[in-house]
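Protein chains in written order, with this note's numbering: chain A, 1 to 276; chain B, 277 to 524.
C-beta: ideal position from N, C-alpha, C; glycine also.
Keep in mind the model is a prediction, meaning the values are calculated, not measured.
Encoded as structure tokens, the structure appears first; notes follow it.
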Amino acid sequence: MEGSIFQYEFIIKGLLGAVFASITAGLAGTYIVSRRMVFLSGGITHASFGGIGIGYFAGINPVIGAAIFGILSALGVEYLSVRHKIREDSAIGILWAFGMATGIIFIYLTPGYSPNLMSYLFGSILTVTNADIVALGIMSLILIIYFGVFYRTILYISFDESFARTYSSYVDIFKYITTALIALTIVLNIRMAGVILVLSLLTIPPNIAMLFTQVYSRIILWSVLAGFTGTATGYVISYFAGIPVGATIIFTLVMVWILVKIIVLSLSRIKYRIKN
Amino acid sequence: MASLFEMYSLSASYGTNVVLQDVNFKVNESDFIGVIGPNGGGKTTLLKVILGLIKPSAGKIVFNSDLVDDNSIGYLPQIATGDINYPVDVTDVVLSGMMIRKKIITRMSSADRKKAREVIDELGLSGMERSSLNELSGGQLQRVFLGRAIIGNPKLLLLDEPGNFVDSTFESDFYEKLKELNKRMAILMVSHDIGIISAHVRSYACVNRSLHYHPTSEISNEQLLAYGCPIQLITHGTVPHTVLKQHS
């Protein structure tokens, strides 16, 4: 009896985790892929590892440490790039390595062995707590409302920032808010996919969608769907094969990407033949 | 004829580098003014001051607030700054011009969409409403950005080097379109192509740190020299010539 209840809970947790991860990753991913800020997002992800290390060391929830590091580094890079004072890609590269280094130093300084470290690097559904799921659920809600209400403003600012700046004095505030939300999304999804793989959870689904649609809202919808397919399938495979969940999800997503690419290519070939 | 704005002894500078000095300039309703001058002479800065992107370091610009303010001016930038591979279609880009009226856009009303369709039709882009920007030619792309500049029904349209990304087949159409637009809005067009200026505008202003306004569209080397406007007047004909008066 007890075993089945545990299993039931595990499945619900996994399912909710998959739904919320796909919603948040789909919305945030479409934004970063179309605004070409994948590298910046990689920087944010790895910088937040520094927060995880300090969290361990200080004995506070590592997710909170990661969130603080992630948001601060994201806003820092956006601020510096607005000011044009730095080479943005170099700054991101430094931040990337600095975060990883800080994380490793503090984890080594922490007395005792850290059994959860692997779960932060590669993700694990076993260590995902109910609080993590609730946090992801709230994040999904926030992102849906934010993108729902300000869809066009966000779209126009990311499409042509300098034109938007000509007429709207709210460009910077929107950029900062969106970037902070992206950083939070990344950090919350680290529990699912791990530091090393979370970026792919955000970037592969929109790239699958962009193979067959160029409409922003449809890219979001298809990303969420593709993300869910990948995450759910990844869970099942990882559960039965006993391999890390993050890696399984990303592997599945890349397979989906290849499959869709082949379908789109063959469809356009067939169309071409019919035409001629 | 009511004036849209007037500049009084206006100066503008980047740090210690003075780009515009003591400019007195007025634009009236239904004006079609060409702005010429050497590179770095302050042409684009003049537009930015009008758009409110640069504050004058001295003097002032006064808008006739009944007609226009710095938030209801249509603007076609020098180069397409938008990413043409970004997932937006022609209608989205034209609609984004509504930022002139609404600084934060939460919803598009059906009136906005109707207006976008009208602008798209007017610019001869019917059938491309749902096209991505990377499917368009240079001339079509320019018309899309022109659509974005005029959807807010501005009283003043600023064009920065519109010849830069026009394809020659569309060039005459484009200036014909400007002539039509000029019936309902004043146009200020920056161009280094004097041939275009003299053929299409009604008057011109030469900007080289200072500004000289000339109320006709004819330009001669002597005038340019007198204004301290060091640009070569060359038009493309069978024989290169440097005078731009209309030949009889």
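Sequence-ordered contacts of the stretch 404-418 of chain B with chain A read S408 [C-beta pairs closer than 7 Å]. Ranked by Cα distance from A28/A, the options F251/A, G103/A, V187/A are led by V187/A.
Rounded to the nearest angstrom, the gap between the Cα atoms of R478/B and G291/B is 35 Å.
Here the alpha carbon of W222/A sits roughly 10 Å from the alpha carbon of Y216/A.
At least 7 Å separates the CB of I355/B from every CB of chain A.
Along the stretch 413-477 of chain B, the alpha helix (DSSP H) occurs as fully enclosed runs of 4 or more residues at 414-426, 444-457, 470-476, listed in sequence order. Among the residues facing chain B, D172/A is not included, as its CB has no counterpart in that chain under 7 Å away.
Only buried fits P438/B, as 16 or more other CB atoms lie within 10 angstroms of its CB. Put simply, the backbone Cα of Y451/B is about 9 Å away from that of I472/B. Not flagged as an interface residue toward chain B: D89/A, since no C-beta distance is shorter than 7 Å. For N484/B, DSSP records a beta bridge to S486/B.
Less than 7 Å divides the Cβ of S287/B from the Cβ of G335/B. Scanning G317/B, E305/B, V325/B for the CA closest to the CA of H488/B turns up G317/B. Of the other Cβ atoms in all chains shown, fewer than 16 fall within 10 Å of the Cβ of I258/A; this residue is therefore exposed. At a cut-off of 7 Å between C-beta atoms, I381/B counts as an interface residue with respect to chain A.
I309/B places its beta carbon less than 7 Å from that of L464/B. The beta carbon of Q7/A does not come within 7 Å of any beta carbon belonging to chain B, so the residue lies off that interface.
Looking from the CA of S200/A, the closest CA among G42/A, S90/A, V236/A belongs to G42/A. Fewer than three Cβ pairs drawn from the stretch 259-271 of chain A and the stretch 50-67 of chain A lie within less than 8 Å of each other, which leaves the two stretches out of contact. For I376/B, the chain A residues whose C-beta falls within less than 8 Å of its own C-beta are Y167, listed in chain order. For A232/A, the CB contacts under 6 Å within the same chain, skipping 5 residues up- and downstream, are A18 in chain order. Secondary structure note for G230/A: its alpha helix (DSSP H) is the uninterrupted segment 216-241. In the three-state scheme derived from DSSP, where H, G and I count as helix and E and B as strand, G310/B is classed as strand. It is roughly 43 Å from the alpha-carbon of I154/A to the alpha-carbon of P491/B. For K275/A, the uninterrupted alpha helix (DSSP H) run begins and ends at 245-275, by DSSP. Apart from sequence neighbours up to five positions away, the residues of its chain that approach L211/A with a beta-carbon distance below 7 Å are V260, K261, V264, ordered along the chain. Here DSSP, grouped into helix, strand and coil, assigns S22/A to helix. Secondary structure note for G76/A: its alpha helix (DSSP H) is the uninterrupted segment 62-83. DSSP, reduced to helix, strand and coil, places S200/A within a helical segment of the structure shown. Our two residues, S467/B and L197/A, have alpha carbons roughly 51 Å apart in a direct line. For the C-beta of D436/B, not a single chain A residue is nearer than 7 Å; the gap to the nearest is close to 11 Å. Your pair F281/B and I326/B checks out as a contact, with CB atoms roughly 7 Å apart and the cut at 8 Å. Around Y489/B, no beta-carbon contact reaches into chain A at under 7 Å, the shortest distance being about 25 Å. Per DSSP, the continuous beta strand (DSSP E) segment holding V303/B begins and ends at 293-304. Look at L432/B: its C-beta is not under 7 Å from any C-beta on chain A.
Pairing G50/A with G93/A gives a Cβ-Cβ distance that is not under 7 Å.
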